[in-house]
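Down below is the structure, laid out as C-alpha cells.
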Amino acid sequence: MKHNNLDLVGAKRAIGVLFKSLNIELQDETPERFAKMIYDLTCYHNISNKEIAKILNKTFEMDNRTDLKNMVLVKNIDAFSFCEHHIALMYDMKISVAYVPKDFVLGLSKIIRLVDMVCKRLQLQERIGVDIVEIMSILTKSIDVAVYIKAKHSCVTARGIRNVSSETITTNFSGVFSEDDTIKKSFLNSV
Numbered sequence: 017m018k019h020n021n022l023d024l025v026g027a028k029r030a031i032g033v034l035f036k037s038l039n040i041e042l043q044d045e046t047p048e049r050f051a052k053m054i055y056d057l058t059c060y061h062n063i064s065n066k067e068i069a070k071i072l073n074k075t076f077e078m079d080n081r082t083d084l085k086n087m088v089l090v091k092n093i094d095a096f097s098f099c100e101h102h103i104a105l106m107y108d109m110k111i112s113v114a115y116v117p118k119d120f121v122l123g124l125s126k127i128i129r130l131v132d133m134v135c136k137r138l139q140l141q142e143r144i145g146v147d148i149v150e151i152m153s154i155l156t157k158s159i160d161v162a163v164y165i166k167a168k169h170s171c172v173t174a175r176g177i178r179n180v181s182s183e184t185i186t187t188n189f190s191g192v193f194s195e196d197d198t199i200k201k202s203f204l205n206s207v
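Just so we're aligned, residue 17 is where the sequence shown starts under this note's numbering, counting upward by one.
Structure (C-alpha cells):
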C-alpha cells in the first residue's frame, strides 16, 4: 500500500508522544512502522461506497442461458477490521455475501475485494453489512442482496469483560432476501 497521503513525520511524532505519555519506550523505527500499519489497515476510511463501486466496476452482462432466479453466494470470506469505538480489532471474521443477479453478474474476486475494502475503515460490524449491501446493489443493479457476518471483537475478548468465546453475528437483507422466507432460509442454511 502506498503511503502518499500520509503525513508520516506528523504521525510518527504523534505516535511517539502517545506512547511516551503512556510511559512506554519504543524503538526508534516503531512509530513509523505503526503509522504505516494503521494507514494500511484503514486506507479506505475516507473512500465512499460509491467510489468503491467505481473502483470495482467490472460486471458481465448475463446471457439468455443464465437463470436469473438463482442466488450467487461467496461465503466464508476471511476479514478483519478495527472498531471505531476503541480502535480494537474485529477478528476471526467470516463474511458471506449473496445476491440474485438481474442483468449483470459481478466477478467473484470483486466480491472478496469489496469486503476487504469495506473492512479497511474504522467500522462497526453492523455498518460493514450495510456498506456491502449498498455497494453490491450499485455494482450488480440488483437490490436482492444478503450479508452474514460472524466475528470476534477484541474490545470484548481482550479488554473489558474478557470473554474469549463470544461471537457477534449480524445479518443484512434487502430485496427478495427480506421479503421471501424461502430464499432467506436457503441463504442462512448455506452459510
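Here a beta-carbon is modelled for each residue, glycine too, at the ideal position from N, C-alpha and C. These numbers come from a predicted model, not from an experiment.
Assuming contact is defined by CB atoms lying nearer than 8 Å, are residue i and residue j in contact in what I supplied?
| i | j | result |
| --- | --- | --- |
| V116 | S153 | no |
| L89 | S64 | no |
| M87 | I165 | no |
Report the option in the options whose CA atom is closest to the CA atom of residue i.
| i | options | result |
| --- | --- | --- |
| V161 | H169, P47, R175, V149 | V149 |
| K85 | K118, C99, A95, A114 | K118 |
| T187 | S97, Q141, A27, K168 | Q141 |
| F76 | A174, K126, Y60 | K126 |
| A95 | L57, N73, E67 | L57 |
| K28 | N179, T184, R49, S202 | R49 |
| F98 | V172, V33, A114 | V172 |
In terms of residues, what are the limits of the alpha helix (DSSP H) holding residue i?
| i | result |
| --- | --- |
| E142 | 141-156 |
| K74 | Unbroken run through K74: none, as it is neither H nor E. |
| C171 | 170-173 |
| A114 | Note, A114: premise wrong, no alpha helix (DSSP H); beta strand (DSSP E) at 105-115. |
| V33 | 24-37 |
| N188 | From DSSP, N188 is part of no alpha helix (DSSP H) but of the beta strand (DSSP E) over 184-189. |
What do you get for residue i, buried or exposed, if any count of 16 or more other CB atoms within 10 angstroms of its CB means buried?
| i | result |
| --- | --- |
| Q43 | exposed |
| F120 | exposed |
| K70 | exposed |
| G123 | exposed |
| D147 | buried |
| M53 | exposed |
| I40 | exposed |
| L24 | exposed |
Along the chain, where does the beta strand (DSSP E) containing residue i start, and where does it finish?
| i | result |
| --- | --- |
| C99 | 88-99 |
Would you verify that the beta carbon of residue i is, or is not, closer than 8 Å to some beta carbon of chain D?
| i | result |
| --- | --- |
| K168 | Going by chain labels, chain D is absent from the structure shown, which holds only one protein chain. |
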